[in-house]
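Colleague: Each step along the sequence shown adds one to the number in the working numbering, with nothing skipped, and position 40 is 21.
Glycine included, every Cβ here is placed at the ideal spot set by N, Cα and C.
Pasting in a structure now, in structure tokens, and then I'll have a few things to ask.
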Amino acid sequence: AWSPIYVKLSVQTNSWKPDVSLESQRESYERIAQLFQSVTRPLGIVFMVFGFILLISAVIGLFGICQFPVMTFVLNCCGYWNGDDFNANGTQFTRRDRYLDYEYPSIRYPISCCKKYEIGQDADRCPQVFNITNSNVEIGCRSRLYENTVPLVSSLVLGSLGILALELLVLSLAMINVCCGNK
-18 AWSPIYVKLS VQTNSWKPDV SLESQRESYE RIAQLFQSVT RPLGIVFMVF
32 GFILLISAVI GLFGICQFPV MTFVLNCCGY WNGDDFNANG TQFTRRDRYL
82 DYEYPSIRYP ISCCKKYEIG QDADRCPQVF NITNSNVEIG CRSRLYENTV
132 PLVSSLVLGS LGILALELLV LSLAMINVCC GNK
């Protein structure tokens, strides 16, 4: 905790002489840092670019998936727990929905709960009749999100731990090389 002025004054008056062993340690630390930087700089740039691409895709995906009809069509699900979420008290579902140029005035579930290729105006097709074969009313989006995200998050965590282990290995090898390379 010496001030720079005190150190400069001490050096100028020759009352303080630097220790040679401290300088050699400092030089070895600087060489370790330079070696570590030269080894990890390209890797860091690659990870930064990859992370930026992941960030952009996550933001785009977040805005896309936050729209409920998009989420239900992509995940093939209906409601948070299941389609009965739309029949609960306090829901904002108006029982009216529109698909292409046709309006459905009195339906039990939103059209987004129908399977993609089962939507039609026939009396036995979705959204006039919701059943297991033509809709996803029994499948909640919570379970689908869990099925799709947990394996992905597990892979990302394992990959990150692997990268951390690799960086620690490179750092330890660089330190061994600098410390034992002089002898």
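Give me the Cα-Cα distance between Asn57 and Glu84, rounded to the nearest whole angstrom.
Modeller: Roughly 22 angstroms separates the two Cα atoms.
Colleague: For Glu128, does the three-state DSSP call read helix, strand or coil?
Modeller: The answer is helix: DSSP assigns Glu128 an H, G or I state.
Colleague: Strictly by DSSP, which residues pair up with Ile100?
Modeller: Cys107, per the DSSP bridge assignment.
Colleague: Just the C-alpha distance for Ala104 and Pro86, rounded to the nearest angstrom, thanks.
Modeller: Cα to Cα, the separation comes out at about 14 angstroms.
Colleague: Cβ of Lys96 within 8 angstroms of Cβ of Cys107?
Modeller: Cβ distance < 8 angstroms, so Lys96 and Cys107 count as in contact.
Colleague: List the residues that DSSP assigns as beta-bridge partners of Arg7.
Modeller: Per DSSP, none; premise fails for Arg7.
Colleague: CA-CA distance, Leu35 and Ser5?
Modeller: The straight-line gap from Cα to Cα measures roughly 43 angstroms.
Colleague: Take Cys59 as the anchor and find which of Ser38, Leu137, Gly32 and Arg123 has the nearest alpha-carbon.
Modeller: The shortest C-alpha separation from Cys59 is found at Arg123.
Colleague: Span of the beta strand (DSSP E) holding Glu84?
Modeller: Unbroken beta strand (DSSP E) run through Glu84: Tyr83 to Tyr85.
Colleague: Could you check how far apart the C-beta atoms of Tyr61 and Gly121 are, in whole angstroms? I think they sit under 8 angstroms.
Modeller: Indeed they touch by this definition, with Cβ atoms about 6 angstroms apart.
Colleague: Which word fits Ile37, buried or exposed, when buried means at least 16 other C-beta atoms lie within 10 angstroms of its C-beta?
Modeller: Label assigned to Ile37: exposed.
Colleague: DSSP on Arg77, reduced to helix/strand/coil?
Modeller: Looking at Arg77 - three-state DSSP - the assignment turns out to be coil, as it is neither helix nor strand.
Colleague: Where does the unbroken alpha helix (DSSP H) through Val55 begin, and where does it stop?
Modeller: That run of the alpha helix (DSSP H) goes Phe49 to Leu56.
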